[in-house]
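Heads up: the structure comes next, in structure tokens.
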Amino acid sequence: MATMTLLEALNDAMRTEMRNDDRVVVFGEDVGKKGGVFGTTANIQDEFGVDRCFDTPLSECGIIGTAVGMAVYGARPIAEIQFLDFIYPAFDQIVSEAAKMRYRSGGEYTCPMVIRSPYGGGIRGGHYHSQSSEAYFCHTPGLKVVIPSTPADAKGLLMSSIRDEDPVMFLEPKRSYRSIKGEVPEGEHVVPLGKGRVVREGTDITVVCYGAMVPTVEKAAVEAEKQGRSIEIIDPRSLVPLDEELILESVRKTGRCVVVYEAPKSCSFGSEIAAIVAEKAIGSLEGPVIRVGGFDTPFPYSLEHLYMPDARRVLQGIEKTYNW
Amino acid sequence: MATMTLLEALNDAMRTEMRNDDRVVVFGEDVGKKGGVFGTTANIQDEFGVDRCFDTPLSECGIIGTAVGMAVYGARPIAEIQFLDFIYPAFDQIVSEAAKMRYRSGGEYTCPMVIRSPYGGGIRGGHYHSQSSEAYFCHTPGLKVVIPSTPADAKGLLMSSIRDEDPVMFLEPKRSYRSIKGEVPEGEHVVPLGKGRVVREGTDITVVCYGAMVPTVEKAAVEAEKQGRSIEIIDPRSLVPLDEELILESVRKTGRCVVVYEAPKSCSFGSEIAAIVAEKAIGSLEGPVIRVGGFDTPFPYSLEHLYMPDARRVLQGIEKTYNW
Amino acid sequence: MTAELLKIIEEDGNVQKGRDPHLSDDDLLTIYRTMVAARTLDERGLALQRQGRIGFYLQALGQEASHVGSAFAMKDSDWFFPAYRQPGIPILRGVPYETIVDEWYGNASDTSKGRQMPVHYSFRQANFVSISSPIGTQITQATGAAMAAKARGDDTVFMTYMGDGGTSSNDFHSGLNFAGVYKSPVVFVCENNQWAISVPLSGQTASETIAQKATAYGMPGVRVDGNDVLAVYRATKEAVDRARSGGGPTLIETVTYRISSHSSSDDADRYRDKDEFEAWKKKDPIARLERYMLQRGIWKKGDRESLDESVKAEINVAIKKAEAKPKPAMESMFQDVYMNPTQQLRDQFDELRRLDGPESSDIGEFPL
Amino acid sequence: MTAELLKIIEEDGNVQKGRDPHLSDDDLLTIYRTMVAARTLDERGLALQRQGRIGFYLQALGQEASHVGSAFAMKDSDWFFPAYRQPGIPILRGVPYETIVDEWYGNASDTSKGRQMPVHYSFRQANFVSISSPIGTQITQATGAAMAAKARGDDTVFMTYMGDGGTSSNDFHSGLNFAGVYKSPVVFVCENNQWAISVPLSGQTASETIAQKATAYGMPGVRVDGNDVLAVYRATKEAVDRARSGGGPTLIETVTYRISSHSSSDDADRYRDKDEFEAWKKKDPIARLERYMLQRGIWKKGDRESLDESVKAEINVAIKKAEAKPKPAMESMFQDVYMNPTQQLRDQFDELRRLDGPESSDIGEFPL
Ligand SMILES: Cc1ncc(C[n+]2csc(CCOP(=O)(O)OP(=O)(O)O)c2C)c(N)n1
Ligand SMILES: Cc1ncc(C[n+]2csc(CCOP(=O)(O)OP(=O)(O)O)c2C)c(N)n1
Ligand SMILES: [Mg+2]
Ligand SMILES: [Mg+2]
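For the record, the sequence lines run as chains D, G, W and V.
Per the working numbering, the first sequence starts with residue 2, numbered consecutively.
Per the working numbering, the second sequence starts with residue 2, numbered consecutively.
Per the working numbering, the third sequence starts with residue 212, numbered consecutively.
Per the working numbering, the fourth sequence starts with residue 212, numbered consecutively.
Here you go:
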């Protein structure tokens, strides 16, 4: 065990897996000498050389398109997209190619690759350095979508993602890169995809959240406790595949559900959680399913503190269903 | 009034508006001499000339990127994307540029444009000529999303979309292009965005559907009637802006809700409808909110008839909530 | 330099001696038979579509020299990232007609399990990577595979195909740019057949040639007569050898013509000039090769007819067999989304199965 | 042809007579003052960021000749689709410092209402279209606007900027290809400052020059010394005149250097060679222009200092004012998503307002 930031845990996961498996390569814009704009790939080029960790031209289309080709040919690419806001030039290669290669070829060709990208707000990144677009990928069959909230999960989930036989969107809560520290097992440490985590046990309300929203909800839960509401917090860890049962069990127990996320409220992954609950736990519901999300606006700069769900807004959501 | 196919109604809407407003231009791959691969733009180049209806190089990125520039400069572009499955190379221009131009410029620059594209299955188009990806656009603040189900709506909604001051994704149910005929007012005919339509009144179950699923659900409703279930069918017509009240009123009346759509089930627009109901009509619900969607797989070819929701699957969904 | 057009077989069948790649009689016969077989396959395919027996078809008439000549420059261990208009390559690589026709029918034996429209083949046995409908996406992929091979140190060469329309795609730009930067062992073959459905080359780019686009990526660009199989072979062979020996990528433009309509859904007469069509029809690459082989004394009148007949017979047998095969089982719709189906997919299949009492006959065990 | 580098002012300040664009003294002084003002603005901007008074800044040090010289070739009625490294253009177009600085602070007077990071300007008054972070997206947009202007028959010319990294973007390929096909009145200025954050030009493309990429799109490509304001002006003026008179688009490569780190978040010393940096520092475009103006007798030692001082004073006043202004009102977060907010947006604002008792002070009427 060592205490690491979430960023260090990600770096550790990549190095560990690159030592285990020489098919693994890391590339993207500025990931080499510079070690990434956040430092996630720091010193990887020094240790593994330019053949296994290299910079690319400024084309996300090229980064993902070549990654797909590498994966089809048997390599294990880890492609970094500098900010999730900049992934769209590669959207066609992700949804039309990576996600569909196994299916459309009848399983003759597969696409085991990881697309790593920092997402979310909270760093004064404004309009184009703050977006959370996990919903696009969760709606795309063939992709897996993983979002860690702790350093240990960051390492364990990234190692599983690299070993996975299918394309994984690995979205990193950039706001937590350095602000979240924790104990991380050294060497081999694998957290399976598809198994959620009970962050906190409670009896009155289930709050589903992930990534940088977990600490926010934990803070709110302490406040709620003071007002006599017992909060159970569930972090699915992988949005696809989703640990539905863990969420449904909790809601059947508490009878109430709130979903907290940064992305625009509508047609989001939060909507999916609400829909699952409305379909499969309707009999246990004692109040409306509340979504506390970003607003249905593009991401602002000066008013970011009002856009991002904070403890106050989580509490507002909790009260809405508790006092219904 | 004239009887038209949905295709002819769209063609009529474009001609009518091009006569009204010489800022309107139509372009895309094969829309000129060929009149589009489905014939939607037939004879428009003959009537308005190559300056106002022209073919483009094979780049969706170029089609939408230039459309954004035209709109910013004051033209009224109607850009055709040959199949919705092929829109992804333009995804960056749509979600990062068209959707955000007004917001990020503080309203100094705007992007009034229409992106027309055929979507959905039912024509043996297989993997890449059948997809329904409305959810991506519904999750993107700044875009409006419109889907007609009748020839009259096709004309009225397209004319409103062309006159709208914001970017509109106008998705056309290609399966209905020729199979659906109806009366269409000649000349001026405008159907406002944001107002849904009650396709059929009923008392037991509300079924929300749009595009090519409307006739399918109508067929199922007749069957259900025979088994003594009275179905109310709601077609929102524009998914964004959404006529929430119309849907909620209906569900408050019937106490039950089924959503039918072709897109993959999860994290879809159907999930959004379920979430809205679970948040705002929970008190009236007498059964689970059921989503009858496409499966969470890429689109198949040989088994398309099993992938597409049909009357049998709609009835299955109805029974699920009715007999809950 | 890129403007010059490489031509070896004259219209009359004479070859420009200095440029003759000196292929053996056997090689020439293999190339010839493959070109004829591709033509016959295309004729049968469109006929089946017209008879309503398959849902779609797309021909490569007139482009047989362009794709067979280039593919012949590759070793069996080399990989193809094809577009959708190279039917001769699977034939050259020995894929049985039945395997090809199974894909048209999307039946239970189709290598891609009935998930794609006809002619979107995937033939792992031939290192022929699954064909995608979205134009251009295979280009960056070919570059990526070539980057991986080079890093791994093996000597595989990759060839990817695109049309003139494909040069406008995002992937063309990134695929060639990355290949230039990493000096990847990949050959880009652009079959310039003058049309992208109804859009002529002049509406596709203001560039005088496709070959000169190579300049933008710091790689050689070569322009060849795409109806001259020796010219195509020679140019691609040089490119393949250069790639294998570490010399990096090449862009090859094969100047040819789409004799057929774009596909079974298209009618080219509605937008294409008859004279242009007739002029190109006279330049048939198969006839041109026959004139050369006749001179060389390895071909005689009548050979073609018998070859046509035997190929047609083989294909007809394949069609009979393919047509008799069942559709893929219902459960196959839920397979290959991921290596292992998610709980959600298992539930969705369960629901569908419960619905379809009558079809229960073809329901097997759902894999766990 | 594209390889040749256009240079007019020698290092010593002499000009190559034959090529002198013969700018008037006033024009030269305007260009000079704008370049100096841009430099000063950049120094103040980074200082504010270092002091934690603004959140981010990005400088154009060393690239003043490249963007001011090219912009000066445009009429006031012409339009810019800029990248994020052309601070001199708003200054040239007379945008007040206060308006510029308001954007850094994202305050209530910011033309883009505090929605973007610093230096992502939108200045309609200057036909300076809203700057976007995603690299390259402005390129196709400039082409589209030019297509619309041409169709409408007005004589507006459009200029768009990109970096060397931007040439790898999807939009570079489509933007130039469309402009070539439609002969649109647009000038593409690529400021080749040798670096894309930490990626050198050699890692960006194998193309020897950026200018030669024009060949792929059938348009002229011109390569100029980007630190020579007369060379930049002359080349762009020719391109602008050609565009206005129906001659179509041009790609101009200005060869220059990013003297600063990429942005306030970057430290170039971690990846960049000191000697390379020092060598380029000596080629400062402002000093080069001063030597020429000195010879021409319209500049003397001391002018720079006083100019610096007066500009800095003006900017400091602007900063004081901007810093004192309030943030945008809470309601503004929900405006400009659409022309009219949807019911959903009105509800979401309502909920937020109810939450924020204390901030209710800045809550106005929500527009209906
Ligand atoms: C991204 C994308 N856009 C549009 C289409 C529709 N489409 C299919 S083929 C085609 C023309 C392709 O022309 P070209 O690249 O020259 O190839 P050819 O058909 O001539 O062999 C088009 C526009 C597509 N398949 N993919
Ligand atoms: C699509 C996209 N990918 C990545 C980034 C992150 N990024 C911002 S600036 C930059 C480098 C740009 O280099 P260049 O185009 O040469 O312009 P310069 O900064 O040198 O002026 C990168 C990679 C981005 N803004 N957009
Ligand atoms: Mg073609
Ligand atoms: Mg640069």
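Ideal placement from N, C-alpha and C gives every residue a C-beta, glycine not left out.
Just so we're clear, the structure is a prediction, and the values are computed from it rather than from any experiment.
Partners in chain C for residue i, counting only beta-carbon separations shorter than 8 Å
| i | result |
| --- | --- |
| W:N381 | In the structure shown, chain C does not exist; the protein chains are D, G, W and V. |
Neighbour-count burial assignment, residue i, 16 or more Cβ in a 10 Å radius
| i | result |
| --- | --- |
| V:R250 | buried |
| G:H306 | exposed |
| G:T298 | buried |
| W:E487 | exposed |
| W:W406 | buried |
| V:L579 | Because the pLDDT of V:L579 is 32, which lies under 50, any placement of that residue in the model is unreliable, and the number read from its coordinates should be weighed accordingly. Exposed. |
| V:H473 | buried |
| G:M2 | exposed |
| G:E173 | buried |
| G:Q228 | exposed |
| W:P537 | exposed |
| V:A535 | exposed |
| V:N404 | buried |
| D:E166 | exposed |
| W:H278 | buried |
| G:F138 | buried |
| D:V193 | Checking the sequence, you will find Pro at residue 193 of chain D rather than Val. The residue in question, D:P193, is exposed, as its Cβ has fewer than 16 Cβ neighbours within 10 Å. |
Close beta carbons around residue i, own chain, < 8 Å, minus the five adjacent residues each side
| i | result |
| --- | --- |
| W:V226 | I219, I220, L441 and Y503 |
| G:I206 | A225, R230, S231, I232, E233, T255, R257, C258, V259, I319, T322 and Y323 |
| D:P289 | K321, T322 and W325 |
| G:Q317 | V293 |
Same chain, Cβ closer than 6 Å to residue i, five either side skipped, listed in chain order
| i | result |
| --- | --- |
| W:A210 | What is shown of chain W runs 212 to 579, which leaves residue 210 of chain W out entirely. |
Cut-off 7 Å between Cβ atoms - residues of its own chain near residue i, not counting five sequence neighbours on either side
| i | result |
| --- | --- |
| W:V548 | L556 |
| W:S572 | Note that W:S572 scores 33 on pLDDT, short of 50, meaning its location in the model is unreliable; the coordinates nonetheless yield the value given after this. None. |
| G:V25 | E18, M19, R77, I79 and I163 |
| W:L239 | M504 and I509 |
| W:I497 | M246, V247, R250 and E275 |
heavy atom of ligand 5 below 7 Å from residue i C-beta
| i | result |
| --- | --- |
| D:G295 | Ligands displayed in this structure: ligand 1, ligand 2, ligand 3 and ligand 4; ligand 5 is not among them. |
Exercise for the section: Return the residues of the segment 327-351 of chain V that lie within a Cβ-Cβ distance of less than 8 Å from chain G, sorted by chain order. Expected result: Q327, H331, S333, F334, R335, V340, S341, S343, P345, T348, I350 and T351
Exercise for the section: Select from the segment 385-398 of chain V all residues with a C-beta closer than 8 Å to any C-beta belonging to chain W, and list them in chain order. Expected result: S385, N388, G391, V392 and K394
Practice task
Mind checking the segment 479-504 of chain W against chain G and listing, in chain order, the residues whose C-beta falls within less than 8 Å of any C-beta there?
Solution key: R481 and Y482
Exercise for the section: Would you be able to state if there are at least three C-beta pairs under 8 Å between the segment 309-319 of chain D and the segment 5-21 of chain G? Expected result: no
Exercise for the section: Determine, using beta-carbon pairs with one atom in the segment 364-384 of chain V and one in the segment 112-130 of chain G, whether at least three such pairs fall under 8 Å. Expected result: no
Exercise for the section: Answer yes if the segment 109-117 of chain G comes into contact with the segment 240-258 of chain D, meaning at least three C-beta pairs across the two stretches below 8 Å, and no otherwise. Expected result: no
Handout entry: Contact list for the segment 414-429 of chain W against chain V, Cβ threshold 7 Å
Key = G414, T416, A417, S418, E419, Q423, K424, T426, A427, Y428 and G429
Problem - Segment contact, 8 Å Cβ cut-off, at least three pairs: the segment 65-79 of chain D with the segment 347-359 of chain W - result: yes
Exercise for the section: Determine which residues of the segment 251-267 of chain D have a Cβ less than 8 Å from any Cβ of chain G, and write them out in chain order. Expected result: A264, P265 and S267
Handout entry: Members of the segment 124-137 of chain D near chain G, C-beta cut-off 7 Å
Key = H128, A136 and Y137
Exercise for the section: Give, in chain order, every residue of the segment 353-377 of chain W whose Cβ lies closer than 7 Å to some Cβ of chain D. Expected result: A353, T354, G355, A356, M358, A359, A360 and A362
Practice task
Output, in sequence order along the chain, the residues in the segment 542-565 of chain V whose CB is closer than 8 Å to any CB in chain G.
Solution key: Q546, D547, V548, Y549, M550, T553, Q554 and Q555
Exercise for the section: Kindly confirm or deny that the segment 510-518 of chain W and the segment 95-109 of chain D touch, where touching means at least three C-beta pairs closer than 8 Å. Expected result: no
Exercise for the section: Could you tell me whether the segment 317-329 of chain W touches the segment 270-281 of chain W, where touching means 3 or more Cβ pairs closer than 8 Å? Expected result: no
Handout entry: the segment 89-98 of chain G contacting the segment 150-158 of chain G, beta-carbon criterion three pairs below 8 Å
Key = no
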